[in-house]
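In this text, residue positions in the sequence shown follow the working numbering: the first is 209, and each later residue adds one. A short worksheet on the structure shown next.
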Amino acid sequence: MAITSDSSAVPIEQDDGLDPEAAIALLLRNLRASSDGMTSAEAQRRLLQYGPNELRRRRGLRWPAELAAQLTHPLALLLWAAAALSFAVGSGVIGIAVLLVIFLNAAFALAQELQAERAVEALSRYLPQKATVLRDGRPSSLDVAELVPGDVVVLEEGERVPADVRLVQGALEVDMSTLTGESAPVLRSAELVDVGVPRLMARDLAFMGATCTEGEARAVVFATGMHTELGRIAALSQRVEVERSPLERQVRRVAWLIAGVAVAMAIAFVPVAIFGAGLSIKNAVVFAVGLLAGNVPEGLLPVITLALAVAVRALAKQGALVKRLSAVETLGSTDVICTDKTGTLTENRMRPVAVWTPEGLTDLAGASESTVLDRAGDAALTALARGAVACNNARLEESGEHVGDPTEIALMLTGGALGAPTDPDQRQRARVALFHFEPHLKLMSTADRDGDQLWLHTKGAPEAVLARCETVLDPGGEAVQLDDPGRKRIAEQIERFSADGLRVIAVARRPLPDGPLPKQREQVETALTLLGLVAMEDPPRPEVAQAVASCHRAGIRILVITGDHPLTAAAIARRVGIGGERAPRTVMADAIESMPQQELTQLLATDEELVFARATPEAKLRIAETLRELGHVVAMTGDGVNDAPALRRADIGVAMGVSGTDVAREAATMVLSDDNFATIVAAIEAGRRVYDNVRKFIVYIFAHAVPEVVPFLVFALSGGAI
209 MAITSDSSAV PIEQDDGLDP EAAIALLLRN LRASSDGMTS AEAQRRLLQY GPNELRRRRG
269 LRWPAELAAQ LTHPLALLLW AAAALSFAVG SGVIGIAVLL VIFLNAAFAL AQELQAERAV
329 EALSRYLPQK ATVLRDGRPS SLDVAELVPG DVVVLEEGER VPADVRLVQG ALEVDMSTLT
389 GESAPVLRSA ELVDVGVPRL MARDLAFMGA TCTEGEARAV VFATGMHTEL GRIAALSQRV
449 EVERSPLERQ VRRVAWLIAG VAVAMAIAFV PVAIFGAGLS IKNAVVFAVG LLAGNVPEGL
509 LPVITLALAV AVRALAKQGA LVKRLSAVET LGSTDVICTD KTGTLTENRM RPVAVWTPEG
569 LTDLAGASES TVLDRAGDAA LTALARGAVA CNNARLEESG EHVGDPTEIA LMLTGGALGA
629 PTDPDQRQRA RVALFHFEPH LKLMSTADRD GDQLWLHTKG APEAVLARCE TVLDPGGEAV
689 QLDDPGRKRI AEQIERFSAD GLRVIAVARR PLPDGPLPKQ REQVETALTL LGLVAMEDPP
749 RPEVAQAVAS CHRAGIRILV ITGDHPLTAA AIARRVGIGG ERAPRTVMAD AIESMPQQEL
809 TQLLATDEEL VFARATPEAK LRIAETLREL GHVVAMTGDG VNDAPALRRA DIGVAMGVSG
869 TDVAREAATM VLSDDNFATI VAAIEAGRRV YDNVRKFIVY IFAHAVPEVV PFLVFALSGG
929 AI
C-alpha cells in the first residue's frame, strides 16, 4: 500500500507484492511520518495545511434573509395588504390580528428551515471528543479537531475511530454499521494487506465514526475532516437542496391567483364606480380598498397550519413522528415508496427453518426453542449442530433475550434443536483460535478441541464455503469426495432455499494437526468437509401484506432498495405482494452505478415495481433524484449514516426510530417509532385526508368571498340606492 498526499486529501493506492511491514514503511514514508508520531511543530504546520479534523457545515443559516423570505411569501404579501387595508379603513383590531398571523407563520417556517441544518451536526456526534495521539514521542490526549494526516493514534475497545486510519500495530474488531449498514463487527489488523478491494472492505483500514468493539491497536491517520469517508457522506447530504412540498407550491399558486383576482377587481372598480355609479373619486377608492380586503383570505394560512398540526399529533400516536408540518401533505401526495427490506418489511429476527445434509432435509419450522429433535442416526447432522454452536459468538439466555448477531442466534437455536450443547462457557473452554467473520471472505472459523482432536469449524456464505470444500460428510460420518454432480445438487438446494426468501449458511469442518496454527487464515480454511446447510428466515411483518395491498389500491408504487441477496429480497417482496402476482424484477446496484442516465430514466419511468439488491448510498441517491425528475413524489426509508443523502433528497425521508442512527433520524422528515412499513402507509392515508380538508377549505374561501363581495358591489354601484 502506498499513500500519497496533496494539499486537499491523501488518497490510497494499493500496491501488489508488499508484505505488511513493507506496506507500513512505505505508508509512513509517503506521509513523511514516523511510527513514534510527529512533533508538535510539524502537527501545527499540517493543521494549517489540511484544516481541522471536523465535518464542516456548508454555511451558517442566514436567519435575517430566511425570515425576510418567509415574510414576502405570496400569501404573506396578501396578508400584509389585508393588514394595511384594515388599518386604512379603521379596523385596527383586525389589522393587528393579521400581523400576528404573518409573524407566527413566518416563525413556523423558519423553524422548519433550521431543521434542515441538523443532519451534518448529527454526523459530528460520531466523532469522539478526545483521542490518544503520539506527539513528541509520548502519548497525549488531544481534541480530535487537532488531528492531521501522519498522526499516530492509539485505539482501544469502546472508542470511536477519530479519522480515517491505517493500522500499523495490533488488531481491532470494529463496528462499521454507521458506514456500511453491516451489523456484524469486522476485523481490522496491521498484519493484513488487501489489494484491489473497495476501500471500506480493506482489512488494514478503519474509518472515522466506526466503533472499536474489541482489541487494541496503533494506527496512522491518512485522511481527516471532509476528506474522510464520513466527510464524503456529509458532503453528499449537504449537496441536496430541500425543495418546497406540493402543498407549499399549490398554496403559492392559489395565493397569486387570489391576489391577481383581488387587485384586478379593485382596479376595475374605480372607473366603473366613478362613471357608472357617479361616486366621487375618494369614495370609489375607499370602496375599492374594501373590495380588495374582502378578497384576501386572512384565515387560509392559519387553517392550513392548524390542520397540519392536528395531523402531526394524530400520526405521533400511530408511531410516525413528523418533523415538518408541510410534510404531512407531502405524504398525502406520495406516489412512490422506496423501502428497505430488513426491519421494515420484515421483523429483523432470524429463526431457523430447515437443515440440509446429504441425508436430506430436516424441518425446524415447527420446533420451539426448548424442542430437541431426535436425529442421532445422522452423523452429518450431529457434526453440523456441533459446528454451528462452536463457530459462534452468540449466547442463548433463559429469559429469551438472546445476545448476539441475529444470524448467529439462529445458528445457536439450530444447534440446540439438534441436540448440541449451547453452554457458552463450555464453548469458550474448547476454543483455541478464532478467525473473525469478514465481509470480503464471507467466512468465520474457529479452532476447537474435542478430546484429543483439534477441529476447524467454518461457517459462511454457501458459495464461499463450497469453494473451499473437497469432501462432504455422509450420514455414516465418512468424508466422501465432493464431485461435480454433488456440487450441482448442493447448488440447486441453495437456489431453492434462496427462492423461498431464506438466508442460507453453510457449515464445514476439517481436522487440524497439533501444533501452532498458520498466521494466514487462507492456509487453514482449505480442504474442508461440508457438513450441511442451515436455512433461516427473517419473516415478513404480518401487517405488511395488507399495507402493500392498500398502496396498490391507492395507486402507490413500491420499490425495494436493499443490501440483501437479490433472490432473498425478491422472495420477500413477492411474499408481501410487491410486484403483484409475479416476482418483481431484480436489478443489482452495481448495474445502476454504471447505467447511463437515460437508461435509468427509462427503467424508472414505467409502473413496474422493482427490487434493487446490494444497494449503495450513491445508488439510492441516484434513484431518488431520477424519480423526482420524472415528477414523482418519493418517500424513501433508511436507517444508517450512509442513507442520509437519499433521505434528504427524497420528498419524504423516513428513518427508523428503533434501529436507525442519529444521522438518519436527523436527515429524515419522518421517524418511525416502530420501524414498520404499515406505519408509512397509515401516514400517507392521514396525509391524503389532510390534503382533502385543505382543498375543501380553499373551495370554501372562494365560496365565502362571493356573498361577501357581491352585496358590497351592488351597494357601491347603485350609489347606495340598494
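Ideal Cβ placement from N, Cα and C applies to all residues, glycine included.
In three-state terms, what does DSSP make of residue i?
| i | result |
| --- | --- |
| ALA324 | Because the pLDDT at ALA324 is just 40, under 50, the model does not fix this residue reliably, and the value given afterwards should be weighed accordingly. It is coil, neither helix nor strand. |
| GLU646 | strand |
| ILE786 | coil |
| THR679 | strand |
| LEU921 | helix |
| VAL914 | helix |
| VAL673 | helix |
| ASP692 | helix |
| MET416 | coil |
| ASP708 | coil |
| ILE349 | According to the sequence shown, residue 349 is Ser rather than Ile. If DSSP states are grouped into helix, strand and coil, SER349 belongs with the strands. |
| SER397 | strand |
| PRO629 | coil |
| VAL756 | helix |
| THR554 | strand |
| SER802 | helix |
| LEU664 | strand |
| LEU335 | Bear in mind that the predicted position of LEU335 carries a pLDDT of just 47, short of 50, making it unreliable; the figure below should be weighed with that in mind. Here LEU335 sits in coil by DSSP. |
| LEU269 | In this predicted model, LEU269 has a pLDDT of only 49, less than 50, meaning its place in the structure is not dependable; the value taken from the coordinates is given anyway. Coil. |
| PRO774 | helix |
| SER534 | helix |
| VAL732 | coil |
| VAL471 | helix |
| ALA716 | strand |
| VAL511 | helix |
Between which residues of its own chain and residue i is the CB-CB distance below 6 Å, once the five residues before and five after are set aside?
| i | result |
| --- | --- |
| LEU523 | VAL530, ALA891, ALA894 |
| GLN320 | With a pLDDT of 49 at GLN320, under the threshold of 50, the modelled position of this residue cannot be trusted; read the value that follows with caution. Here the set comprises ARG532. |
| ALA291 | GLY303, VAL306, LEU307 |
| PHE643 | SER653, ARG729 |
| ILE800 | ALA827 |
From this set, the options, which residue's C-alpha is nearest residue i's C-alpha?
| i | options | result |
| --- | --- | --- |
| ARG185 | LEU355, ALA315, GLY303 | Only positions 209 to 930 of the chain appear in the structure, and residue 185 is not among them; the question remains open. |
| ALA638 | LEU626, GLU646, THR654 | THR654 |
| VAL715 | GLY763, TRP663, PRO693 | TRP663 |
| THR834 | VAL544, ILE906, MET434, ILE475 | VAL544 |
| THR845 | GLY839, ALA832, ARG836 | ALA832 |
| THR770 | ASP383, VAL373, ALA821 | ALA821 |
| PRO406 | ILE906, ALA886, ASP883, THR824 | THR824 |
| PRO747 | ARG790, ALA777, VAL459, ARG411 | ALA777 |
| THR554 | VAL768, ASP658, GLN636, MET620 | VAL768 |
| PHE910 | LEU465, ALA573, VAL862 | LEU465 |
| VAL902 | SER541, PRO632, GLY417, LEU408 | SER541 |
| VAL841 | ARG440, ALA596, LEU285, ARG457 | ARG457 |
| LEU674 | LYS727, GLY740, THR622, GLY788 | GLY740 |
| ARG594 | ASP613, ALA641, THR666 | THR666 |
| ASP815 | PRO792, ARG657, LEU413, PHE430 | PRO792 |
| ARG761 | VAL889, ASP383, GLU700 | VAL889 |
| GLY527 | ARG896, TYR899, ASN884 | ASN884 |
| PRO260 | LEU235, ALA371, LEU487, LEU285 | ALA371 |
| LEU363 | LEU408, VAL428, LEU312 | VAL428 |
Leaving out five residues on either side along the sequence, give the residues of the same chain with a beta carbon under 7 Å from the beta carbon of residue i.
| i | result |
| --- | --- |
| TRP378 | What sits at residue 378 in the sequence shown is Gly, not Trp. Answer for GLY378: ALA398, GLY423, GLU424, ALA425, ARG426, listed in chain order. |
| ASP571 | ALA562 |
| LEU829 | LEU444, PRO853, ALA854, ARG857 |
| ALA535 | SER453, ILE860, THR877, MET878 |
| ASP708 | ALA779 |
| VAL907 | none |
Within the same chain, show all residues whose beta-carbon is closer than 8 Å to that of residue i, passing over the 5 residues directly before and after it, in chain order.
| i | result |
| --- | --- |
| ASP244 | LEU342, GLY345, VAL360 |
| PHE905 | LEU508, VAL511, ILE512, ALA515 |
| PHE295 | GLY303 |
| PRO228 | ALA398, GLU399, LEU400, VAL401, ASP412 |
Problem - Three-pair Cβ contact test at 8 Å for the stretch 752–760 versus the stretch 717–724 - result: At 8 Å Cβ cutoff, the stretches do not touch.
Handout entry: Length-filtered (4 minimum) alpha helix (DSSP H) runs lying within the stretch 833–905
Key = The qualifying runs are 852–857, 870–875.
Exercise for the section: Spell out a yes or no on whether the stretch 342–358 and the stretch 248–264 are touching, meaning 3 or more CB-CB pairs, one atom from each, closer than 8 Å. Expected result: These segments touch.
Problem - Contact between the stretch 779–789 and the stretch 906–918 (3+ Cβ pairs under 8 Å) - result: No contact exists between the stretch 779–789 and the stretch 906–918.
Practice task
Pair every Cβ in the stretch 725–740 with every Cβ in the stretch 784–800, then say whether three or more of these pairs are closer than 8 Å.
Solution key: Result no; under three Cβ-Cβ pairs closer than 8 Å.
Exercise for the section: Report yes or no: do the stretch 615–632 and the stretch 684–694 share at least 3 C-beta pairs separated by less than 8 Å? Expected result: Because the criterion of three Cβ pairs below 8 Å is not met, the stretch 615–632 and the stretch 684–694 do not touch.
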